[in-house]
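Novice: Take any residue in the sequence shown, count from 1 to its spot, add 85: that is its number in our numbering. We treat Cβ as the ideally placed atom computed from N, Cα and C, and that holds for glycine.
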Amino acid sequence: MDRPDRPDIYYIIPDGYPSDEWHLTKMNFDNSEFTQALQEREFTIAPHAQSNYGFTLNSLAANLNMRYYASSRSGISDLDYLQTEIADNKVARLLLERGYTYLQLMSGFLLPSPIADENLEFGVNGAISVLPTEGQLSSQRVLWGYENEAQVQNMLKVDENMQMPFAPLYFETTQLRIALPLLEDLRLASGNTPFGLYAPRRFLATLEELERIAQRPEATFTIAHLIKPHGPLTFDAKGNTVEPTWYPSAQAYEAELSFINEMFLNTLDSILAASDGQALIIFQADHATTWGRNNPKYEPPTQFDIYAAYFLPDGFDLELPQPFTMINSFTMLLNEVFDIGLEWQPDRLYAIPDGYDTPFEQVDVTEEFLQR
Ligand SMILES: [Zn+2]
Numbered sequence: 086m087d088r089p090d091r092p093d094i095y096y097i098i099p100d101g102y103p104s105d106e107w108h109l110t111k112m113n114f115d116n117s118e119f120t121q122a123l124q125e126r127e128f129t130i131a132p133h134a135q136s137n138y139g140f141t142l143n144s145l146a147a148n149l150n151m152r153y154y155a156s157s158r159s160g161i162s163d164l165d166y167l168q169t170e171i172a173d174n175k176v177a178r179l180l181l182e183r184g185y186t187y188l189q190l191m192s193g194f195l196l197p198s199p200i201a202d203e204n205l206e207f208g209v210n211g212a213i214s215v216l217p218t219e220g221q222l223s224s225q226r227v228l229w230g231y232e233n234e235a236q237v238q239n240m241l242k243v244d245e246n247m248q249m250p251f252a253p254l255y256f257e258t259t260q261l262r263i264a265l266p267l268l269e270d271l272r273l274a275s276g277n278t279p280f281g282l283y284a285p286r287r288f289l290a291t292l293e294e295l296e297r298i299a300q301r302p303e304a305t306f307t308i309a310h311l312i313k314p315h316g317p318l319t320f321d322a323k324g325n326t327v328e329p330t331w332y333p334s335a336q337a338y339e340a341e342l343s344f345i346n347e348m349f350l351n352t353l354d355s356i357l358a359a360s361d362g363q364a365l366i367i368f369q370a371d372h373a374t375t376w377g378r379n380n381p382k383y384e385p386p387t388q389f390d391i392y393a394a395y396f397l398p399d400g401f402d403l404e405l406p407q408p409f410t411m412i413n414s415f416t417m418l419l420n421e422v423f424d425i426g427l428e429w430q431p432d433r434l435y436a437i438p439d440g441y442d443t444p445f446e447q448v449d450v451t452e453e454f455l456q457r
């Protein structure tokens, strides 16, 4: 059961959500209304938070295991390695040891976790429990950076059948291969079909699920990875779905952001109300924005400055250091709440010039980009 010394923990990852400073300096867009709304709810904002990598898989693996990833393991593809490090991560193991129920909300991008109590997918009939031993795994394995518009259209649809609809596309466009028995065994529960990776309804259903989880009596640790404001843009300011586009105008981007901010606030309010102030909420992007890039390759100045805000249970306080990079965010939070003495890591930033083609060919750009 959750209780004051074992608060529910929500790790909400708004994919590609940049800092207010980035919005202001790069887009002349003032996002401070959202930040103020979080501050009114007693969130601590980390205005200079940075991700250590500019790519989701590297970044989440580092964040959830509180260590850097400089090389892969032999006998397994680099991307499979990062995916499995995310799926079976140190933060979740520490919390499982402390009696937590671990829930992973499937984003369409990450793999189901073999150590989670539940992996939840989303489809037209609601949440679907994904059993790591049945079904298919291809919809989790679509990687962005390789898509074209036709593929994106496919990903926005509800899958029409259960015959690995993404697989041919997937294997044509990436060199990722199934390498571990673990991965070969991962399966979706039969009889239900998940929303596409970028489906607007996946975003909304994930937030609804977070609100349901807040009602559960167990002490839960939930990871919710949401592919917003990462492209493609799919909403207008009122939440109507619009023609998906990877390269929206600044105006369209801001319109969608105002809608998703409103949705995030609604969900955070539901969590706070249900937990009576006794939750730990980590609202932290995995890397900064892809907006304004006409090339999926790396552009260093835009990739590290992330949005990060934390809500701590009553009685706990954060002293944010500067510089502050997300390799240390769980170290900071778990040390504060559980007093477990995790060791802080040095703050380093790594460029990955060829992205997911070679995720371990990294260039240390700490001196150039770290916000000291
Ligand atoms: Zn990402």
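Could you name the residues that DSSP lists as bridge partners for D93?
Specialist: DSSP, once it has assigned bridges, lists A364 as partnering D93.
Novice: By Cβ distance, which residues of its chain are closer than 6 Å to F288, with the 5 residues on each side in sequence left out?
Specialist: L311 and K313
Novice: Give a yes or no on contact between the stretch 122-140 and the stretch 398-413, applying the rule of three or more CB pairs nearer than 8 Å.
Specialist: yes
Novice: Taking the beta strand (DSSP E) that P329 falls in, what are its first and last residues?
Specialist: T326 to T330
Novice: What is the DSSP secondary structure of Y392, reduced to helix, strand or coil?
Specialist: coil
Novice: Quick check: F396 and I366, are their CB atoms within less than 8 Å of each other?
Specialist: yes
Novice: For L342, which residues of its own chain have a beta-carbon under 6 Å away from its beta-carbon, when the five flanking residues on both sides are left out?
Specialist: Non-local beta-carbon contacts of L342 in its own chain, meaning distances under 6 Å to residues more than five positions away in sequence, involve P314 in chain order.
Novice: Tell me whether D424, by its Cβ, gets closer than 7 Å to a heavy atom of ligand 1.
Specialist: no
Novice: Which first and last residues belong to the beta strand (DSSP E) in which I213 is found?
Specialist: It spans G211 to V215 - the beta strand (DSSP E) in which I213 sits, taken as one unbroken run.
Novice: Can you grab the Cα-Cα spacing for the pair T169 / N116, in whole Å?
Specialist: 35 Å
Novice: For ligand 1, which residues count as neighbours when the test is a C-beta closer than 6 Å to any heavy atom?
Specialist: D100, G101, T141, H315, D371 and H372
Novice: Where does the unbroken alpha helix (DSSP H) through Y166 begin, and where does it stop?
Specialist: D163 to A172
Novice: Here's the rule I'm using: 16 or more other beta-carbon atoms within 10 Å means buried, otherwise exposed. How should I61 be labelled?
Specialist: Absent from the structure is residue 61, since the part of the chain shown begins at 86 and ends at 457.
Novice: Is D449 helix, strand or coil when you go by DSSP?
Specialist: Secondary structure of D449 (DSSP, three-state): strand.
Novice: Grab me the residues of P285's own chain with a C-beta within less than 8 Å of its C-beta, minus the 5 sequence neighbours each way, in chain order.
Specialist: L241, T319, F320 and T326
Novice: Who are the Cβ neighbours of S192 in its own chain at under 7 Å, not counting the five residues just before and after it?
Specialist: H310, L311 and I312
Novice: Since Y435 sits in a beta bridge, which residues does DSSP pair it with?
Specialist: According to DSSP, Y435 bridges with Y138 and D449.
Novice: When DSSP labels each residue in this structure, what does R178 get in the three-state scheme?
Specialist: helix
Novice: To the nearest angstrom, report how far apart N150 and L196 are at their CA atoms.
Specialist: 16 Å
Novice: Could you give the first and the last residue of the continuous beta strand (DSSP E) run that contains H310?
Specialist: Note, H310: beta strand (DSSP E), T305 to L311.
Novice: Specify, as a first and last residue, the run of the beta strand (DSSP E) that E206 falls within.
Specialist: Residues E203 to G208.
Novice: From the DSSP output, read off the bridge partner residues of L318.
Specialist: T330
Novice: My guess is that F344 and G324 are in contact by the Cβ rule of under 8 Å, so how many angstroms apart are they, rounded?
Specialist: 5 Å
Novice: Per DSSP, what are the beta-bridge partners of L289 in this structure?
Specialist: Answer by DSSP bridge pairing: none, since L289 is not bridged.
Novice: Which of helix, strand or coil does DSSP assign to T278?
Specialist: coil
Novice: Given Q189, which residues of its chain have a CB within under 6 Å of its CB, disregarding the five upstream and five downstream residues?
Specialist: S198, A201, N204 and I308
Novice: Following the continuous alpha helix (DSSP H) through Q456, name the residue where it begins and the one where it ends.
Specialist: Careful: Q456 lies outside any alpha helix (DSSP H) and carries neither H nor E.
Novice: Which residue or residues does DSSP assign as beta-bridge partners of Y187?
Specialist: F306
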